[in-house]
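Everything on this sheet refers to the single structure shown next.
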Amino acid sequence: MTEIVRIDESFTGWEDLLTLILSSFAYMDGVIDPPSSAHRLTPASLAQKARDEIAFVAVEEGQLAGCVFLKPEPGCLYVGKLAISPAFQNRGLGRRLLSVAEDIARQHGLPALRLETRIELTGNHTTFARWGFVKTAENAHAGYARTTSIEMRKRLSQTT
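Quick note on numbering: the numbering used here labels position 71 of the sequence shown as 71, and the sequence is numbered without any gaps.
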């Protein structure tokens, strides 16, 4: 049974969390340009990110299986670093973590979720669209003249 747990001051698994994120984003290496910001994360920066945002981990059989970081913004809840360990993928954990994000958005009175995904990751675009997200913008990272990412949003119903 997978348990979804909010990261709080008692969380100590920063190295394991970093390993989870890097392993789940590894398929992007050599595919996306610029490289993933996950490569700039450290255990200390993850701990700070968890203090600054609202973070959850999925734990299965004592192992970190997934995570998500959420940040309230005007009019939406930003969903970042949604990561599922390769060993736990295709079990519905991404959808479960997004369901938690929807609950948090509603608790904050926010009508939508927002995320960004790289332009090259068309499989992610398809998955997020299947989960109710629609493309709302194209963006370019600093120093790039071409589109490097897309923004997607999911409007939420007012009831759970």
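All C-beta atoms, glycine included, are put in the ideal place defined by N, C-alpha and C.
Residues of its chain near residue i, where Cβ-Cβ distance is below 6 angstroms and the 5 sequence neighbours each way are ignored
| i | result |
| --- | --- |
| Glu203 | Outside the shown range of the chain (1 to 160) lies residue 203, about which nothing can therefore be said. |
| Gly132 | Lys154 |
| Glu151 | Glu116, Thr136 and Ala137 |
Residue range of the unbroken alpha helix (DSSP H) whose run includes residue i
| i | result |
| --- | --- |
| Leu115 | Unbroken run through Leu115 is the beta strand (DSSP E), Ala112 to Arg118; no alpha helix (DSSP H). |
| Asn124 | Thr122 to Arg130 |
| Ala47 | Pro43 to Asp52 |
As assigned by DSSP and simplified to three states, the class of residue i
| i | result |
| --- | --- |
| Val68 | strand |
| Tyr144 | coil |
| Glu61 | coil |
| Thr160 | Residue placement at Thr160 cannot be trusted, given a pLDDT of 48 that sits under 50; what the coordinates show is reported in the next sentence. In the structure shown, Thr160 sits in coil (DSSP, three-state: anything other than H, G, I, E or B). |
| Ser24 | helix |
| Ser149 | strand |
| Val5 | strand |
| Val100 | helix |
Spatially closest choice to residue i from the options, by CA coordinates
| i | options | result |
| --- | --- | --- |
| Ala87 | Gly80, Ile21 and Ile119 | Ile21 |
| Thr122 | Gly66, Thr12 and Tyr27 | Tyr27 |
| Gly94 | Ser149, Thr136 and Cys67 | Cys67 |
| Thr148 | Met1, Thr12 and Pro35 | Pro35 |
| Phe128 | Val79, Gly143 and Ile104 | Val79 |
| Leu18 | Ile32, Ile4, Asp33 and Ala83 | Ala83 |
| Ala50 | Gly30, Asp8 and Met1 | Asp8 |
| Gln158 | Leu113, Arg40 and Phe56 | Leu113 |
| Phe130 | Asp33, Gln48, Asp29 and Leu98 | As written in the sequence, residue 130 is Arg, which differs from the Phe given in the question. For Arg130, the nearest C-alpha among the options comes from Leu98. |
| Gly143 | Asp33, Leu46, Gly13 and Leu156 | Asp33 |
| Gly13 | Val31, Glu3, Thr2 and Ala47 | Ala47 |
Chain-order list of residues whose beta-carbon lies under 7 angstroms from that of residue i (same chain, five-residue window excluded)
| i | result |
| --- | --- |
| Arg146 | Ala140 |
| Ile104 | Ile54, Leu70 and Leu77 |
| Thr160 | Reliability of the predicted coordinates at Thr160 is poor, the pLDDT of 48 falling under 50, and the value obtained from them is presented with this limitation in mind. Correct list, in chain order: Asp103 and Arg106. |
| Leu41 | Leu18 and Ile21 |
| Val5 | Phe56, Val57 and Val59 |
Close Cβ partners of residue i (< 8 angstroms) along its chain, the five nearest in sequence each way excluded
| i | result |
| --- | --- |
| His108 | Pro72 and Leu77 |
| Glu61 | none |
| Phe25 | Ser36, Ala38 and Ala83 |
| Leu3 | For clarity, residue 3 is Glu in the given sequence; the question names Leu instead. The answer, listed in chain order, is Ala58, Val59 and Glu60. |
Boundaries (first-last residue) of the beta strand (DSSP E) holding residue i
| i | result |
| --- | --- |
| Glu9 | From DSSP, Glu9 is part of no beta strand (DSSP E); its letter is neither H nor E. |
| Val134 | Val134 to Asn139 |
Opposing strand residues paired with residue i [DSSP bridges]
| i | result |
| --- | --- |
| Val79 | Leu70 |
| Arg91 | Bridge partners of Arg91: none, in fact. |
| Ala55 | Phe69 |
| Ile32 | BP columns for Ile32 are empty, so no partner. |
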